[in-house]
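Chains D and W, in that order, give the protein sequences. Taking the UniProt record's numbering, the leading residue of the first sequence gets 1, the next gets one more, and so forth. Taking the UniProt record's numbering, the leading residue of the second sequence gets 1, the next gets one more, and so forth. All C-beta atoms in this analysis are idealised placements derived from N, C-alpha and C, irrespective of residue type, glycine included. None of the values given here were measured: they were computed from a predicted structure. Data first, discussion second: the structure below is written as structure tokens.
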Amino acid sequence: MKRSRINATAIVVVAALFFVLPLVATLLFSLSMKRGVWSLEAYRVVFADSRFVDALTYSLVVAIVTILLGALLVVPSAYWVRLRFPRLRPLFEFLSLLPLVIPPIVLVFGYIRFYNSSSILPLTASETGTNVLLVLGYVALSLPYMYRAVDTGMAAVDIRTLTEAAESLGAGRRTILMSVIFPNVRASVLSGAFITFAIVMGEFVFASLLNRDTFGPYLALIGQNRAYEPSALAFMAFLFTWTCMGMMQLFARRRPRRRRNRRPFASPSERPVA
Amino acid sequence: MSAISSNTGDPPRGATRRAYRRLDFAWVGLVPFLAFTAFFLIGPVLYLVVGAFQNPNGDYTFANIVNLFSPQILRAYQLSLEISFASAVTGTVAGFLLAYAIVHGGLPKWIRPAVATFSGVASNFAGIPLAFAFIATLGRIGMVTSFLRETLGINIYAMGFNLFSFWGLTLTYLYFQLALMVLIITPAVDGLKSEWREAASMLGASSMQYWRKVALPVLMPSIMGCFLLLFANAFGTIATAYALTGSQLNIVPILLFAQIRGNVLYNPNLGYALAFGMIVITALSNVLYLVLRARAERWQR
Numbered sequence: 001m002k003r004s005r006i007n008a009t010a011i012v013v014v015a016a017l018f019f020v021l022p023l024v025a026t027l028l029f030s031l032s033m034k035r036g037v038w039s040l041e042a043y044r045v046v047f048a049d050s051r052f053v054d055a056l057t058y059s060l061v062v063a064i065v066t067i068l069l070g071a072l073l074v075v076p077s078a079y080w081v082r083l084r085f086p087r088l089r090p091l092f093e094f095l096s097l098l099p100l101v102i103p104p105i106v107l108v109f110g111y112i113r114f115y116n117s118s119s120i121l122p123l124t125a126s127e128t129g130t131n132v133l134l135v136l137g138y139v140a141l142s143l144p145y146m147y148r149a150v151d152t153g154m155a156a157v158d159i160r161t162l163t164e165a166a167e168s169l170g171a172g173r174r175t176i177l178m179s180v181i182f183p184n185v186r187a188s189v190l191s192g193a194f195i196t197f198a199i200v201m202g203e204f205v206f207a208s209l210l211n212r213d214t215f216g217p218y219l220a221l222i223g224q225n226r227a228y229e230p231s232a233l234a235f236m237a238f239l240f241t242w243t244c245m246g247m248m249q250l251f252a253r254r255r256p257r258r259r260r261n262r263r264p265f266a267s268p269s270e271r272p273v274a
Numbered sequence: 001m002s003a004i005s006s007n008t009g010d011p012p013r014g015a016t017r018r019a020y021r022r023l024d025f026a027w028v029g030l031v032p033f034l035a036f037t038a039f040f041l042i043g044p045v046l047y048l049v050v051g052a053f054q055n056p057n058g059d060y061t062f063a064n065i066v067n068l069f070s071p072q073i074l075r076a077y078q079l080s081l082e083i084s085f086a087s088a089v090t091g092t093v094a095g096f097l098l099a100y101a102i103v104h105g106g107l108p109k110w111i112r113p114a115v116a117t118f119s120g121v122a123s124n125f126a127g128i129p130l131a132f133a134f135i136a137t138l139g140r141i142g143m144v145t146s147f148l149r150e151t152l153g154i155n156i157y158a159m160g161f162n163l164f165s166f167w168g169l170t171l172t173y174l175y176f177q178l179a180l181m182v183l184i185i186t187p188a189v190d191g192l193k194s195e196w197r198e199a200a201s202m203l204g205a206s207s208m209q210y211w212r213k214v215a216l217p218v219l220m221p222s223i224m225g226c227f228l229l230l231f232a233n234a235f236g237t238i239a240t241a242y243a244l245t246g247s248q249l250n251i252v253p254i255l256l257f258a259q260i261r262g263n264v265l266y267n268p269n270l271g272y273a274l275a276f277g278m279i280v281i282t283a284l285s286n287v288l289y290l291v292l293r294a295r296a297e298r299w300q301r
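Following this line, the structure appears as structure tokens:
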């Protein structure tokens, strides 16, 4: 028993070193741009670069639009399948998991060919079209996470009773979705949103091959030309991922049922069903 | 009526007629999602798959698939498979040991949630920033490299280590592979009941016998399944490799990247075949993963 504990301690210590050393080294490296002293020079240079600000802004906009579109696509679909077509749930789950099976580079290759300038839907022919394609591609990439999060969230609330209660009060489809279902899975949507955010902000292949100036290609460019700035960017990216994942886990753990009774429509689910 | 009740359970009283009319158009609600997956997942991929079996004139042929076995492409596949295999094996073994240590190691209680949370973050810390982090750590002027050389007098680059090589890339991949393994194997390790160990030792089994006859056979489907998932995970990755080695390491995703950018194979349809080969490999490992997971779940009830 004693020996196994020593082994376990050794394993955890080695793993912790492997996980933490690169982060510490990255931080120290990013602080050593000026010879002989620790300084925030690398960070100053990064923030002074207008391309950094542009790329970050563009990525932020893309990420937010992706999340909105993704939620708009997934919430009504997952709701409708659960309510009216429960037998199609495995099919929808399978479709939503496809982006994990198809490598992203293959997917974007398909887009470039499928939507090229001589196709029926020449999305890549114009700037706007390419932006739309990038966003829709990111919606596809984040589908596994968004769908899983929302579907799990819906399993936790009794959507059937909620729907019937709302219907008997005279609510229409849109009202039910927006004022009853959506508030009940808000925590799930947010948890899916944060992982989508992390994916979109760091994505490289789609943006690079569609020639979009997002954060990913900017990182690759800096990595080829600079020494200290990349580690400053990497450290910030890590903090960013950490924040997103932390927020995701926070929202994923929070059960909608535990929320206080604020919305009249939400109340039927919160009463224990006998 | 029976069709309705099988779909919705108890329809609200007095709503039968409305429910009938709604049912007729209920499928409309499925259209957006199905259309999206058709246009942005299945359609484009199918286009590539069909193209892989056509020549530039549109005639059907197996020539592209045969050409995949040319030395240049075969080498790329071989290198890709080797790197994916190496990083999946190291990730599987190390991740399993770590998961076992945090679950059954008798360590302080806070260790397990700390490792699990960190793994959740680290498994998503991939791509270009990860490459930068490893360059800052183990690159030629990285912090650890410098520390070893200046303080301990060990020059790892003189000893043959190179971050921008096969093993360097494998070590970098290990960062997210190890984290992913901990996340997905922990439930299976949790299912390893301590009663089994006690029963085995009461019957006189040694620790070795317990592992060989009880624990490993129970865990094997899970471990193999996780291995396949890590394998597919590494096989499809490109950003880390691209940022770390540029186009030095000729792995399939990087070759495909170059092909999409500049038709380096001088044959668009051969590019489709290259993509098709990637889908076949990742699809195979995912299907096998699902099969093994179904087997593994027998022990987790």
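Length of the line joining the Cα atoms of residue i and residue j
| i | j | result |
| --- | --- | --- |
| residue 80 of chain D | residue 32 of chain W | 11 angstroms |
| residue 248 of chain W | residue 216 of chain W | 39 angstroms |
| residue 197 of chain W | residue 210 of chain W | 7 angstroms |
| residue 246 of chain W | residue 112 of chain W | 37 angstroms |
| residue 221 of chain W | residue 293 of chain W | 7 angstroms |
| residue 54 of chain D | residue 72 of chain W | 39 angstroms |
| residue 116 of chain W | residue 182 of chain W | 7 angstroms |
| residue 257 of chain W | residue 245 of chain D | 29 angstroms |
| residue 11 of chain D | residue 170 of chain W | 20 angstroms |
| residue 117 of chain D | residue 130 of chain D | 11 angstroms |
| residue 169 of chain D | residue 189 of chain D | 26 angstroms |
| residue 76 of chain W | residue 70 of chain W | 10 angstroms |
| residue 78 of chain W | residue 4 of chain D | 39 angstroms |
| residue 107 of chain D | residue 140 of chain D | 9 angstroms |
Own chain residues within Cβ distance below 6 angstroms of residue i, not counting five before or after
| i | result |
| --- | --- |
| residue 291 of chain W | none |
| residue 178 of chain W | 91, 94 and 95 |
| residue 274 of chain D | Unreliable positioning characterises residue 274 of chain D in this predicted model, as indicated by a pLDDT of 34, which lies under 50. The coordinate reading is nonetheless provided below. Taken in chain order, the list of residues that qualify is empty. |
| residue 153 of chain D | 185 and 188 |
Proximal residues to residue i (C-beta, below 7 angstroms), its chain only, five neighbours per side dropped
| i | result |
| --- | --- |
| residue 42 of chain W | none |
| residue 67 of chain D | 193, 196 and 197 |
| residue 190 of chain W | 103 |
| residue 14 of chain D | none |
Identity of the residue in the options nearest residue i by Cα
| i | options | result |
| --- | --- | --- |
| residue 46 of chain D | D:223, D:116 and D:243 | D:223 |
| residue 92 of chain D | D:136, D:103, D:146 and D:125 | D:146 |
| residue 49 of chain W | W:295, W:293, W:289 and W:270 | W:270 |
| residue 82 of chain W | W:179, W:166 and W:272 | W:166 |
| residue 209 of chain D | W:132, W:77 and W:262 | W:262 |
| residue 223 of chain W | W:67, W:53 and W:90 | W:90 |
| residue 59 of chain D | D:238, D:134 and D:7 | D:134 |
| residue 287 of chain W | W:185, W:226 and W:77 | W:226 |
| residue 131 of chain W | W:173, W:297, W:276 and W:61 | W:173 |
| residue 72 of chain D | D:18, D:181 and D:35 | D:181 |
| residue 295 of chain W | W:188, W:243 and W:278 | W:188 |
| residue 200 of chain D | D:29, D:52 and D:137 | D:137 |
| residue 68 of chain W | W:268, W:297, W:298 and W:109 | W:268 |
| residue 96 of chain D | D:85, D:110, D:63 and D:144 | D:144 |
| residue 29 of chain D | W:208, W:138, W:264 and W:118 | W:138 |
| residue 40 of chain W | D:8, D:34 and D:99 | D:99 |
| residue 241 of chain D | W:237, W:242, W:161 and W:126 | W:126 |
| residue 277 of chain W | W:120, W:65, W:34 and W:59 | W:65 |
| residue 123 of chain W | W:260, W:233 and W:242 | W:233 |
| residue 105 of chain W | D:173, D:33, D:8 and D:231 | D:8 |
| residue 119 of chain W | D:226, D:231, D:16 and D:233 | D:16 |
Expected contact under 8 angstroms - CB spacing of residue i and residue j to nearest Å
| i | j | result |
| --- | --- | --- |
| residue 124 of chain D | residue 112 of chain D | 6 angstroms |
| residue 150 of chain D | residue 75 of chain D | 6 angstroms |
| residue 145 of chain W | residue 128 of chain W | Residue 145 of chain W to residue 128 of chain W, Cβ: 20 angstroms. No contact. |
| residue 251 of chain D | residue 187 of chain D | 5 angstroms |
| residue 39 of chain D | residue 31 of chain D | 6 angstroms |
Start-to-end residues for the alpha helix (DSSP H) that takes in residue i
| i | result |
| --- | --- |
| residue 151 of chain D | 127–156 |
| residue 40 of chain W | That residue, residue 40 of chain W, is in no alpha helix (DSSP H); it is neither H nor E in DSSP. |
| residue 341 of chain D | Shown here, chain D extends from 1 to 274; a query on residue 341 of chain D therefore has no answer. |
| residue 67 of chain W | 63–67 |
| residue 180 of chain D | Here residue 180 of chain D belongs to no alpha helix (DSSP H), and DSSP marks it neither H nor E. |
| residue 164 of chain D | 159–168 |
| residue 138 of chain W | 127–138 |
| residue 35 of chain D | Segment: none, residue 35 of chain D is in no alpha helix (DSSP H) and carries neither H nor E. |
| residue 264 of chain W | Residue 264 of chain W -> no alpha helix (DSSP H), and no H or E assigned at all. |
| residue 112 of chain D | 104–114 |
Cβ neighbours of residue i in the same chain (closer than 8 angstroms, five flanking residues each side left out)
| i | result |
| --- | --- |
| residue 80 of chain W | 235, 251, 252 and 253 |
| residue 6 of chain D | none |
| residue 99 of chain W | 181, 182, 185, 186 and 189 |
CB contact check: residue i to chain A, cutoff 7 angstroms
| i | result |
| --- | --- |
| residue 289 of chain W | Protein chains D and W are contained in the structure displayed, whereas chain A is not. |
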